[in-house]
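In the UniProt record's numbering, the protein residues as written are 1 to 279.
Shown next, in the form of structure tokens:
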């Protein structure tokens, strides 16, 4: 291998080849623009851009934290600067001399652009992945591997089994209970069961404390004909009668009028006891 004599130095008889570094600007890193992106795509766009930026800093030998911070804000562009300086305490300098200025800025931007997702949600996204249009199976396999590296599937057989149970409960439970479960980080199976049991207990107590109601029979499947030539209507949802094997959308839904499960408010015939007396 030929060595350029202009790029070498000799110290104590040892030849050292000088490494030439380029200015970060010479790498033409594009500004980080995210405002035109859907909210669901900002996280991935940020993670990709910050990896690219750090690769440029390493190639340009910009290792000092203060210098990296300056380069980050300069090369990030106006949208990134606007986002950063709009964060609480963004312009406050770290009081601890051991704190890396670049890492402090990166953490704030990471929390803004890429908030941590619940482990169960990350696994849901993983199992929902599919090949994109015209994507080869090789590229899809590579994308799946990259995604899997960032997800916890459990370190032991028992932990993996618990994770599978937790994910199944979260996926198929009621919306309000799902939100309660997703609010908890490092959710264990014991925690999940406790939250579910508490939720069911509160629902039972709330139902018992609700005002008594005078009800008509609405929670049975039947059809009615309002005229000749008209389609029969489902008494649960009010839509045209369902085909054989078709699931009614009102099943397991809570009526917003009477609070009972199994029908929509538009077909509810229940009235409060006080209304029945007054009429």
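In this text, a Cβ means the ideal position worked out from N, Cα and C, and glycines have one as well.
On a predicted model such as this, the values are computed, not experimentally measured, just so you know.
Check whether the Cβ atoms of residue 234 and residue 255 lie closer than 9 Å to each other. Not a contact, by the Cβ cut-off of 9 Å.
Helix, strand or coil at residue 251 according to DSSP, with G and I counted as helix: Coil.
Taking only the alpha-carbon atoms, compute the straight-line gap between residue 26 and residue 144 and give it to the nearest angstrom. If I take the Cα positions, the gap works out to 33 Å.
Helix, strand or coil at residue 197 [DSSP, three-state]: Three-state DSSP puts residue 197 in a helix.
Supposed contact pair residue 126 and residue 165 - C-beta distance, whole angstroms, cut 8 Å: Contact between residue 165 and residue 126 fails: their C-beta atoms lie close to 17 Å from each other, not under 8 Å.
I need the straight-line Cα distance from residue 48 to residue 29, nearest angstrom please. Spanning the two alpha carbons is a distance of roughly 12 Å.
Could you compute how far the alpha carbon of residue 91 sits from the alpha carbon of residue 184? Near 31 Å, if we compare the C-alpha coordinates of residue 184 and residue 91.
Could you give the residue range of the alpha helix (DSSP H) that holds residue 101? Per DSSP, residue 101 belongs to the alpha helix (DSSP H) from 101 to 113.
Provide the residue(s) that pair with residue 261 in DSSP beta bridges, ordered along the chain. Per DSSP, 254.
Kindly indicate which three-state DSSP category residue 240 falls into: helix, strand or coil? Strand at residue 240.
Can you name the start and end residues of the alpha helix (DSSP H) that residue 180 belongs to? Element bounds for residue 180: 175 to 182.
Taking the alpha carbon of residue 71 as the point to measure from, which residue in 31, 87, 39 has its own alpha carbon closest? When 31, 87, 39 are compared, the shortest CA-CA separation from residue 71 is found for 31.
Cutoff 8 Å; reference residue 242; Cβ partners in own chain excluding five residues on either side: Same-chain partners within the cutoff: 234, 248.
Between residue 261 and residue 236, which are expected to be in contact by the criterion C-beta below 8 Å, what is the C-beta distance as a whole number of angstroms? Contact between residue 261 and residue 236 does not hold, since the beta-carbon distance rounds to 10 Å and is not under 8 Å.
Between the CA atoms of residue 77 and residue 57 - distance to the nearest angstrom: One C-alpha to the other measures close to 16 Å.
Where does residue 267 fall in DSSP's three states? When DSSP states are grouped into helix, strand and coil, residue 267 belongs to the helix group.
What does the Cβ neighbour count give for residue 113, buried or exposed, with the cut at 16 atoms within 10 Å? By the beta-carbon neighbour count (other beta carbons within 10 angstroms, threshold 16), residue 113 is buried.
Give every residue of the same chain whose Cβ lies closer than 6 Å to the Cβ of residue 265, excluding the five residues on either side of it in the sequence, and list them in chain order. So the qualifying residues of the chain are 255, 256, 257.
For residue 240, count neighbouring C-beta atoms within 10 Å of its own C-beta (all shown protein chains included) and say buried if the count is 16 or more, exposed if not. With fewer than 16 other CB atoms across the displayed protein chains lying within 10 angstroms of its CB, residue 240 is exposed.
Expressed to the nearest angstrom, what Euclidean distance is found between the alpha-carbon atoms of residue 253 and residue 195? Rounded to whole angstroms, residue 253 to residue 195 spans 21 Å at the Cα level.
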